[in-house]
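**Q** Below is the structure I would like to discuss, written out as structure tokens.
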Amino acid sequence: MSDPAIAPEALLREPWDGLRLSEDEALSQQRFGATFGIWIFIASEVLFFGALFLFYAAMRAEHAEAFAAAARETNIVYGTLNTALLLTSGLTAAAASRASEHASLSRMVLWCLAATALLGLAFLAVKGLEYRADIAEHLVPGAGFKLPEASAQLFFGFYWLSTGIHGVHLAIGIGLVARLIVIGWRDRDRLPGNPQVEVALLYWGFVDMVWLFLYPALYLAGRAG
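Laid out in structure tokens, this is it:
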């Protein structure tokens, strides 16, 4: 439950602000609609990424040795560092979400959101360094590809596609969190109890979860055993 000191009328948005309900009831309806909407969106994204992972599983089953050799070429240091960054960002996002339930913790919400965004930016910076190293190592599918096995290019095709799409999703998440930071910077009292905080951080958690599937598939598969 939100702290009762929070003023519901300051958080209501169209069309909920026009409902013939009490402010508390309208805010409850708004929160339900927002969270229901983001869960529907996440479900659609699960289907999308599920298709990508199904492709990976089918290709890996058919070209096991080539995929293992290709996976050993990925930079596990960068991959592990980025995993640590995203896991930490998930912790700060969860702290922000929990703190947003209490008006007295508005400053903590703002700082946790800022830490979440900065960790996301750090992830993208590390991924950029990794991409530069991959290009230098000729690990881009096409002419001059480093590995002799043609099927190894399928692995790196998946690598570039999946990590690129994940990076776009993360950039969107950073934008959503940055928007909340701007709102909180102008008026910290607009963060506690705000459904936008819960929606943005649910999305952030989804992006984190996708990476937790990508990390073993891309960096650990060829190194197990």
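Per my numbering, residue 1 is the first one in the sequence shown, and the count goes up by one each step.
Built from N, CA and C at the ideal position, the CB exists for glycine as well.
Please read these numbers as outputs of a predicted model, since none were measured by experiment.
Specify the secondary structure class of Ile6 as computed by DSSP and reduced to three states.
**A** Legend: pLDDT at Ile6 = 48, less than 50; position of this residue unreliable, no value from coordinates given.
**Q** Decide if Pro192 is buried, meaning its Cβ has at least 16 other Cβ atoms within 10 Å, or exposed.
**A** It counts as buried.
**Q** Are the beta-carbon atoms of Ala221 and Phe67 separated by less than 8 Å?
**A** Yes, they are a contact pair.
**Q** Within its chain, find whatever has a CB closer than 7 Å to the CB of Ala99; leave out the 5 residues flanking it on each side and keep chain order.
**A** Once the five neighbours on either side are set aside, the close Cβ partners of Ala99 are Leu105, Met108, Val109, Cys112.
**Q** With distances taken Cα to Cα, identify the nearest neighbour of Leu214 among Gly144, Leu161, Trp185.
**A** When each option's Cα is compared against that of Leu214, the closest is Leu161.
**Q** Could you pull out every residue in the same chain whose Cβ sits closer than 6 Å to the Cβ of Trp204, ignoring the five residues on either side in sequence?
**A** Answer for Trp204: Ala93, Gly173, listed in chain order.
**Q** Counting C-beta neighbours from all protein chains within 10 Å, is the total for Ala71 16 or more, i.e. buried, or is it exposed?
**A** It counts as buried.
**Q** Where do the N-terminal and C-terminal ends of the alpha helix (DSSP H) with Tyr215 fall, by residue?
**A** Segment 195-215, the alpha helix (DSSP H) holding Tyr215.
**Q** Just verifying my parser: in three-state terms, what is the DSSP assignment at Val177?
**A** Reduced to three states, the DSSP call for Val177 is helix.
**Q** Cα separation between Arg188 and Ala171?
**A** Roughly 24 Å between the two C-alpha positions.
**Q** Might you give, ordered along the chain, the residues of its own chain that have their beta carbon closer than 6 Å to the beta carbon of Gly142, omitting 5 neighbours on each side?
**A** No residues qualify anywhere along the chain.
**Q** Measuring alpha carbon to alpha carbon, tell me which residue in Leu85, Pro216, Arg223, Ala217 is nearest Leu121.
**A** For Leu121, the nearest C-alpha among the options comes from Leu85.
**Q** Please report the residue range of the alpha helix (DSSP H) in which Phe67 lies.
**A** Run containing Phe67: 64-71, per the alpha helix (DSSP H) assignment.
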